[in-house]
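K.L.:
Numbering (this note's numbering), first residue to last: 122 to 275.
Got a structure here, written out as structure tokens. Questions coming.
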């Protein structure tokens, strides 16, 4: 009975990870900006391949304290390991990444990014960063944009 139980654990772990692994396999890293982003957007938006129609979007969500608390909790689960609990870019896993992460506490670090840019990057992910699109609805992602912006206001 114990051997049968131990044989099931790895399979259950794989099945639990399947949606995440499938999402990662389906995502292709953006190595060059899309022509649309190159033509109309900022340099930062072009680097991330943000479509012009999304880049121009303003945050349509007026966050409630409860929604922001949920977004902050999700940031802690999904983002802080790399971006740091306070947005300094020095999370536990940041040193293992190929590129240094920005310190969002510095207002200049987000200067070239619109709310639409941040929304797109958070939703779709970028290179090693998985997107939140499969885990969050659009309102939740817009609330995470608010959280990211809030780091520079402290």
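Where a beta carbon is used, it is the ideal one built from N, C-alpha and C, also for glycine.
Small disclaimer: the values here were computed from a predicted structure and weren't measured.
So, are the CB atoms of residue 265 and residue 195 less than 8 Å apart?
P.N.:
Their beta carbons are under 8 Å apart, which means residue 265 touches residue 195 by this criterion.
K.L.:
Quick one, are the C-beta atoms of residue 224 and residue 210 less than 8 Å apart?
P.N.:
In contact: residue 224 and residue 210 (Cβ atoms closer than 8 Å).
K.L.:
Can you grab the Cα-Cα spacing for the pair residue 205 / residue 269, in whole Å?
P.N.:
When rounded, the distance between both Cα atoms is 11 Å.
K.L.:
Please go through the region 200 to 240 and give each complete alpha helix (DSSP H) segment of 4 or more residues, from N-terminal end onward.
P.N.:
Those alpha helix (DSSP H) runs which fall completely within the region 200 to 240 and span 4+ residues are 201 to 204.
K.L.:
Assuming residue 245 and residue 254 form a contact by the criterion Cβ under 8 Å, report the distance between their Cβ atoms to the nearest whole angstrom.
P.N.:
Yes, residue 245 and residue 254 are in contact; Cβ-Cβ is about 6 Å, under 8 Å.
K.L.:
DSSP has residue 247 in a bridge; who is on the other side?
P.N.:
Its beta-bridge partners are 250.
K.L.:
Consult DSSP for residue 181 and reduce its assignment to one of helix, strand or coil.
P.N.:
Three-state result, residue 181: coil.
K.L.:
Who are the near neighbours of residue 207 in its chain, counting only those whose CB is closer than 7 Å to its CB and skipping five residues on each side?
P.N.:
Around residue 207: 226, 272.
K.L.:
List the whole-angstrom C-beta distance separating residue 252 from residue 176, where the pair is believed to meet the contact cut-off of C-beta under 8 Å.
P.N.:
That belief does not hold up - the Cβ atoms of residue 252 and residue 176 are roughly 17 Å apart, past 8 Å.
K.L.:
Mind checking which residues open and close the alpha helix (DSSP H) that includes residue 171?
P.N.:
Residue 171 -> no alpha helix (DSSP H), and no H or E assigned at all.
K.L.:
Residues in the same chain with beta-carbon distance under 6 Å from residue 192, minus the five sequence neighbours each way, listed in chain order, please.
P.N.:
Around residue 192: 264, 265, 268.
K.L.:
Please check the pair residue 182 and residue 260, which I expect to be a contact at CB under 8 Å, by giving their CB distance rounded to whole angstroms.
P.N.:
Contact flag correct, Cβ pair sits at about 5 Å.
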